[in-house]
Every structure is written in C-alpha cells, then in structure tokens.
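Numbered per numbering that gives the first Met the number 0, the sequence shown finishes at 502, counting up by one with no gaps.
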Amino acid sequence: MEKQGNVSSGAGFVLQMRGISKEFPGVKALESMELSVRPGTVHALVGENGAGKSTLMKCLFGMYAVDAGEIILDGEPVKFANPAEALKRHVSMVHQELNQVPRQTVMENIWLGRYPVKSGFVDEKKMLGDTQKIFESLNINVDPRVESGDLPVSQKQMVEIAKAVSYNAKVIVMDEPTSSLTEKEVEHLFAIMEKLKANNTSIIYISHKLEEILRISDDVTVMRDGKWIATKAAGDITIDEMIKLMVGRDLTERYPEKKAVPGEVLLSVEDLACSEFSGVSFELHKNEILGIAGLVGSKRTEVLETIFGMRQVKSGRIVLEGRELHNKNPLTAMKNGFAMLTEERRHDGIFSGLSVTFNLIISNIKAYAKKLFLNNRMIVSDVDSMIASMNIKTPDRNAAIGNLSGGNQQKVIFGRWLLTKPKVLLLDEPTRGVDVGAKYEIYQLINRLAEEGRGVIIVSSEMPELFGVCDRILTMSNGRLSGIFDAKDVSQVEIMEASVLYL
Ligand SMILES: Nc1ncnc2c1ncn2[C@@H]1O[C@H](COP(=O)(O)OP(=O)(O)OP(=O)(O)O)[C@@H](O)[C@H]1O
Ligand SMILES: [Mg+2]
C-alpha cells in the first residue's frame with residue numbers, strides 16, 4: 000500500500016500524527032498509526048467499530064497519553080497533557096458521546112471554565128452576545144439561554160460544534176457528528192464545514208456513513224485494528240474500495256437474504272392514537288420485518304413508544320396473538336413479550352462502569368434467578384454466545400462497557416434485548432453508529448429472529464436499509480399513517496411521496 004503523495008514529507012500539513020501506539024490492558028488500540036491532515040480540508044477517518052478512531056483522536060486531544068509516536072502541529076512537536084492544553088493550541092473536538100451539563104444553559108456550556116467576567120461577576124451580556132455571534136455565523140437556531148438538557152440531541156450536537164468553533168480552532172475533530180442528525184441538519188452541518196474550510200480550518204471527520212464521507216471530505220484515511228491502512232484523495236476511492244480496506248475482505252452483499260416468509264398475524268394495532276399521532280392501524284405477522292419510513296417529526300418513534308408503554312394510549316387497541324393488551328409502562332410491555340431498542344440508547348441504556356455481562360443480562364435477570372442465586376453457568380453461556388454471534392469487540396465479558404468503542408456498546412445494548420426473547424421487537428434506528436460489517440451482522444440477527452417466528456418493527460431513516468431488510472414498509476406523515484407497501488413492489492420515490500402526503 001502506498002502513502003498519499005506527500006504524506007511522509009511533513010511539509011504542507013497542519014497536523015501530523017506519526018507512529019502513534021496506545022495500549023489499554025489487554026487491548027492494543029493503536030499501533031504505529033499515521034495521520035496527516037492538510038490545512039483547510041476535511042479529512043475523513045474511517046474504520047470498523049473498535050478500529051481505534053476515537054482513541055486516536057483522544058490521544059490528539061490530550062485525553063490519553065500515547066505510548067509511542069509524535070504529534071506535530073504546524074511543524075512543531077506538541078504534547079497535550081489534557082484537553083485544555085489542546086484547546087489553547089486551537090485543537091478542539093466534538094465528542095461521540097455528548098457530554099453537556101444538562102442543568103446549565105447552552106451558553107454556560109459553551110463557555111464553561113472561561114466565562115467572561117466584568118468587575119468580579121460573570122458578564123452574562125457578553126456571554127450571550129458572543130454566543131449569538133457564533134450561532135449567527137453558523138446559522139444555528141438555538142436560544143443560548145435555555146437549559147442544555149431540554150434540547151433534542153441534534154441541537155445539542157450543533158451546540159457542541161459551536162463550542163468547538165469558539166476556540167478559534169484550526170483543527171476540529173468531529174466524532175460521528177451526523178449519527179443523530181436529520182438529512183436537513185446534515186446539510187446544515189456540511190454548510191458549516193464548508194465555511195470552516197474556507198476559513199482554513201481543518202476538520203477530522205469520523206463517520207460510518209460512507210456516502211456522506213465521499214461527499215464532504217477531501218482525503219480519507221482508513222484504519223483497521225489500530226493500524227494505518229491507506230490514505231487516499233476522496234475522489235480516488237469508491238465506497239466498495241473503502242469497505243474492502245476497512246474490513247480487509249470483500250463485502251459484496253450489504254444485506255443478507257431473508258428466508259422467512261411472513262406467517263399468521265402476531266400483532267394488530269387498531270386505530271391507535273396518542274397525543275402525538277392518530278389513526279394508526281396495521282398488522283404485524285409472525286416472521287415479518289416491518290419498516291416504518293417517514294421524515295423526522297413524522298412521529299415514527301412515538302408509534303413505537305406508545306406500543307411499548309412509554310406513552311399513554313388515547314384511543315385504539317393493541318392486540319397480541321388475539322388478546323388485547325394494555326402496556327401501561329415498559330415493564331408491562333416487556334412482560335407481555337415486547338422489547339424496544341431506543342434511539343438514544345447511548346444515553347439511556349448504558350451502565351458505563353459496569354461489565355459487559357451486567358449490561359447484557361440486566362433486562363433479563365429473572366430468567367437467570369435460581370432460588371436466591373443467579374445461574375452463573377447460564378449467564379456465562381448466554382453472554383459468551385451473544386459476544387460471539389454479534390462479534391462484540393471486548394477483551395472479555397468482564398470488561399467495563401464504558402471502555403468499549405461506541406459501536407460495540409451499541410451491540411451490547413442490542414444483545415440485551417435479544418436475550419429477553421421478545422415476541423415483538425421494536426427497533427428505533429438499530430444500525431445508527433454501527434459500521435458496515437456490524438450492520439450486516441445485525442441484519443442477520445434480525446433475520447434470524449424473524450425466522451424464529453418473531454415480529455420485528457424497524458424505524459429507520461436509511462431508505463436502502465428499509466428496502467434491504469423489510470417485507471413491508473409503512474409510511475408516516477405528520478402524525479398519520481400514510482401508506483403500507485410491499486417492499487418488493489414500491490420505489491423509493493413512492494415512499495418519499497407518501498412521507499410528505501400530509502405535510
Ligand atoms: N479507556 C479504555 N480502556 C480500555 N480499552 C479501551 C478504552 N478506550 C478504547 N478501548 C479499546 O480500544 C479499541 C479502540 O476503540 P475506539 O473507541 O478507539 O474505536 P472506534 O474506532 O472509535 O470505534 P467506533 O466506530 O465503534 O466508535 C477498542 O477495542 C476499545 O475496546
Ligand atoms: Mg469511536
């Protein structure tokens with residue numbers, strides 16, 4: 000494999016990371032990793048879950064000390080002992096896990112630790128003005144005075160980006176910034192990135208959305224197992240080539256073949272309404288995978304939440320295997336045979352300091368109860384088979400989940416629900432933040448569940464995914480059901496049309 004034209008020369012780069020190695024107990028996260036970023040460009044960093052992308056960036060940002068290697072910023076070797084030092088040198092980072100203080104306002108979060116002061120007091124007026132100036136320049140429409148905790152994830156994301164920009168950054172790391180953004184918000188982010196580029200800021204961009212990567216980036220570096228694999232101009236590489244470099248083999252099929260044919264009716268939802276939507280009726284069959292498409296705000300998630308007892312039913316019926324149910328809360332829903340993977344699982348579902356085992360079995364703990372004790376052998380066997388079948392990258396089952404890469408944490412949460420052996424599985428954006436290889440594994444798992452006679456409902460914003468895995472696709476538009484289609488007989492255009500029907 001060859002390096003990009005002038006990678007090794009050292010000239011013409013705002014940032015170079017050379018020979019970076021980093022080991023955690025039991026894990027070689029980085030091994031002689033290389034990254035060279037040109038000024039005023041978007042440099043994408045791609046690789047499978049656990050490849051070491053976030054770790055490399057945390058080394059850059061002073062969160063981890065490297066074991067070996069050097070970092071050269073503007074031609075000068077640097078060593079940041081902590082993020083504050085990196086920020087001082089205009090290197091900033093938007094993290095994969097958002098970590099704003101919920102009880103503080105947006106502007107307090109942005110200027111945390113460096114509030115403007117006037118005669119001994121925090122100068123709120125200046126803080127507001129400064130924040131507004133940045134928001135305006137980036138076209139961000141958020142009130143700086145509201146509490147961060149009240150914002151939807153996408154806006155929190157925007158605030159994080161504004162914060163990164165506020166340090167006059169010349170290098171901004173964005174670790175999966177678009178994973179929870181709508182298409183429109185992604186366009187907005189890309190416009191912001193173009194502006195930053197024009198300002199000669201460089202952006203290191205981490206994402207699993209390969210189409211987006213080719214669109215926005217100038218250069219692409221592929222890493223695998225902590226190692227540098229290739230650096231190419233975005234114009235010189237295709238998605239398939241990128242995937243091949245990432246996984247180290249050909250991945251010809253992006254979706255596994257579904258063999259199970261839908262059987263008898265499992266669940267019927269009759270004229271369901273809650274405060275957010277009304278008139279939703281459909282049937283879900285055994286062995287069936289039903290997709291829900293729609294624009295963001297069409298209340299797709301709310302439909303799942305209502306079925307799962309997270310929202311109050313206003314009218315209508317939910318009938319499982321001929322019996323009407325009242326899922327008053329998620330616990331009742333679980334007892335009734337439902338499981339739900341929420342969209343914000345990274346925030347909702349993870350017990351960060353606890354083990355992979357604990358995080359896998361917590362929703363199913365009763366199944367392991369043996370008088371006063373837990374059936375350890377059963378736990379170990381279930382946990383190990385989950386780790387193997389989902390290919391969860393972890394040193395062992397006792398490792399703290401917080402130390403796993405973002406995508407691997409997701410697989411654990413997914414596995415948690417699979418272990419409850421639900422009759423109906425509700426999945427909200429199940430492959431968000433998951434790499435191509437793991438996506439395929441998740442699709443295979445979903446197929447297997449369907450083959451076992453379960454019913455699966457998937458909300459997804461990725462149209463190819465809905466077409467790739469679903470038997471039927473239901474569309475929501477503005478809080479109403481606007482169509483149900485056989486996935487084989489419908490086009491993407493028809494789904495789009497149905498999605499905007501009631502706008
Ligand atoms: N603090 C830590 N302690 C122990 N192991 C860690 C720690 N941080 C990361 N690792 C391990 O290092 C490897 C690389 O993880 P990293 O988070 O960098 O992957 P990634 O490429 O960002 O993946 P993803 O796409 O899933 O976010 C993984 O095997 C992970 O489990
Ligand atoms: Mg990561």
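Yeah, the Cβ is synthetic: ideal placement off N, Cα and C, and Gly gets one too.
What is the DSSP secondary structure of residue i, reduced to helix, strand or coil?
i           : result
residue 463 : helix
residue 153 : helix
residue 356 : helix
residue 277 : strand
residue 489 : coil
residue 496 : helix
residue 65  : coil
residue 405 : helix
residue 16  : strand
residue 83  : helix
residue 468 : helix
residue 159 : helix
residue 100 : coil
residue 1   : Confidence at residue 1 is low in this model, with a pLDDT of 41, below 50, so the placement of that residue should be treated as unreliable; the coordinate-derived value is given next. Looking at residue 1 - three-state DSSP - the assignment turns out to be coil, as it is neither helix nor strand.
residue 373 : strand
residue 6   : Legend: pLDDT at residue 6 = 44, less than 50; position of this residue unreliable, value from coordinates given subsequently. Note: residue 6 maps to helix in three-state DSSP.
residue 90  : strand
residue 95  : coil
residue 120 : strand
residue 504 : Nothing about residue 504 can be reported from this structure: the residues present for the chain run from 0 to 502 only.
residue 314 : strand
residue 256 : coil
residue 211 : helix
residue 368 : strand
residue 398 : coil
residue 386 : helix
Bridge partners for residue i per DSSP, in chain order?
i           : result
residue 76  : 71
residue 474 : 292, 482
residue 322 : 319
residue 454 : 423
residue 23  : 26
residue 205 : 44, 174
residue 146 : 104
residue 301 : Looking at the DSSP assignment, residue 301 forms no beta bridge with any residue, so it has no partner.
residue 282 : 267
Going by DSSP, what residue range makes up the alpha helix (DSSP H) through residue i?
i           : result
residue 195 : 182 to 197
residue 438 : 435 to 450
residue 128 : 123 to 137
residue 105 : 105 to 109
residue 54  : 52 to 59
residue 241 : 238 to 246
Terminal residues of the continuous beta strand (DSSP E) containing residue i?
i           : result
residue 29  : 26 to 36
residue 339 : 337 to 340
residue 272 : 264 to 272
residue 200 : Counting along the chain, residue 200 falls outside any beta strand (DSSP E), and DSSP gives it neither H nor E.
residue 220 : 218 to 223
residue 309 : Here residue 309 belongs to no beta strand (DSSP E), and DSSP marks it neither H nor E.
residue 332 : Unbroken run through residue 332 is the alpha helix (DSSP H), 329 to 334; no beta strand (DSSP E).
residue 226 : 226 to 232
May I ask whether a heavy atom of ligand 3 can be found less than 7 Å away from the beta carbon of residue i?
i           : result
residue 117 : Judged by which ligands are present, ligand 3 is missing from the structure shown, whose ligands are ligand 1 and ligand 2.
Determine whether the beta carbon atoms of residue i and residue j lie at a separation below 8 Å.
i           : j           : result
residue 358 : residue 396 : no
residue 223 : residue 47  : yes
residue 191 : residue 137 : yes
residue 417 : residue 444 : yes
residue 201 : residue 36  : yes
residue 294 : residue 458 : no
residue 30  : residue 225 : yes
residue 40  : residue 169 : no
residue 20  : residue 64  : no
residue 56  : residue 82  : no
residue 271 : residue 318 : no
residue 203 : residue 219 : no
residue 91  : residue 166 : yes
residue 216 : residue 43  : yes
residue 399 : residue 352 : yes
residue 106 : residue 115 : no
residue 171 : residue 157 : no
residue 233 : residue 213 : yes
Would you please verify whether the beta carbon of residue i is less than 8 Å from any beta carbon of chain B?
i           : result
residue 339 : The displayed structure is made up of one protein chain only, and chain B is not part of it.
Any chance the stretch 465 to 479 sits against the stretch 280 to 299, with 3 or more Cβ pairs inside 8 Å?
-> yes
Between the stretch 255 to 265 and the stretch 224 to 243, do at least 3 Cβ pairs fall closer than 8 Å?
-> no
Kindly confirm or deny that the stretch 477 to 495 and the stretch 317 to 335 touch, where touching means at least three C-beta pairs closer than 8 Å.
-> no
Could you say if the stretch 296 to 310 and the stretch 372 to 390 meet the contact criterion of at least three C-beta pairs nearer than 8 Å?
-> no
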